[in-house]
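For the sequence shown, my numbering gives the first residue as 276, with consecutive numbering after it.
Even for Gly, the Cβ is constructed at its ideal location relative to N, Cα and C.
Single-structure report; data block below.
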Amino acid sequence: MTLPVNNGNIQESTCNAGGFPLLWSAFSLVPEALIEDENPDLWLNFLRERVPHDQVISSVTFEDEGVVCLFEAKGAEEHVIPYLLTRAGAIDAPDKLLAIREGERLAIACYKAGKLQLSNIYEATTKEQALYWILKAHEELGFSKQTPVHIRCGEGTRKLLSSHLEIQELP
276 MTLPVNNGNI
286 QESTCNAGGF
296 PLLWSAFSLV
306 PEALIEDENP
316 DLWLNFLRER
326 VPHDQVISSV
336 TFEDEGVVCL
346 FEAKGAEEHV
356 IPYLLTRAGA
366 IDAPDKLLAI
376 REGERLAIAC
386 YKAGKLQLSN
396 IYEATTKEQA
406 LYWILKAHEE
416 LGFSKQTPVH
426 IRCGEGTRKL
436 LSSHLEIQEL
446 P
């Protein structure tokens, strides 16, 4: 999964979740069986017209899911997607949707029957757009209305989401 493209350029930013910055750069979740050490940049750059020459690629392996998260590193910040996937382990439920909304972006990770189904970063310049993406994922995965959304977001987004879904703080 990669960050949505806006006018041909992949957008990057950082947010502050839990007192430390998170990176929102390009990423890809790759099945472990398909990872090759020689060409990790191919997984990140297939949507780009020009590949950065100073690119640093980091990876985090999630053995339970059988995937590796590759992402473009910028300093020592943790990437938002591995952050969400790690936090998912603290939620004892087979169906779960985790999200962070910061600035104009929304990162989500969804699990159905205990297996990772979706993880992506969406443009969400308004709280209504954040609601759209969360409801879309909720519906596509067939979650019940009682399946909570574990989210870190602003108060306005929280109020809007809570009028449609059960909302809990992201652990």
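Residues of its chain near residue i, where Cβ-Cβ distance is below 8 Å and the 5 sequence neighbours each way are ignored
i: residue 341; result: 306, 307 and 308
i: residue 388; result: 369 and 370
Host beta strand (DSSP E) of residue i (start-end)
i: residue 425; result: 424–427
i: residue 297; result: 295–298
i: residue 303; result: 302–306
Buried versus exposed, by CB contacts within 10 Å (16 or more), residue i
i: residue 431; result: exposed
i: residue 422; result: buried
i: residue 384; result: buried
i: residue 394; result: buried
i: residue 347; result: buried
i: residue 303; result: buried
Neighbourhood of residue i by C-beta, 6 Å cutoff - its chain only, sequence neighbours within 5 removed
i: residue 358; result: 297
i: residue 428; result: 376
Selection from the options that minimises the alpha carbon distance to residue i
i: residue 332; options: 315, 390, 385 and 343; result: 315
i: residue 419; options: 310, 398, 368 and 301; result: 368
i: residue 381; options: 362, 391 and 356; result: 356
i: residue 417; options: 402, 444 and 372; result: 372
i: residue 338; options: 415, 390 and 410; result: 390
i: residue 330; options: 311, 301 and 378; result: 301
Delimiting residues of the alpha helix (DSSP H) encompassing residue i
i: residue 403; result: 402–415
i: residue 390; result: Unbroken run through residue 390 is the beta strand (DSSP E), 390–398; no alpha helix (DSSP H).
Exercise for review: Only counting runs of 3 or more residues, tell me where the beta strand (DSSP E) segments fall wholly within the stretch 338–375, in order along the chain.
Suggested key: The stretch 338–375 is shown to contain whole beta strand (DSSP E) runs of 3 or more residues at 342–347, in chain order.
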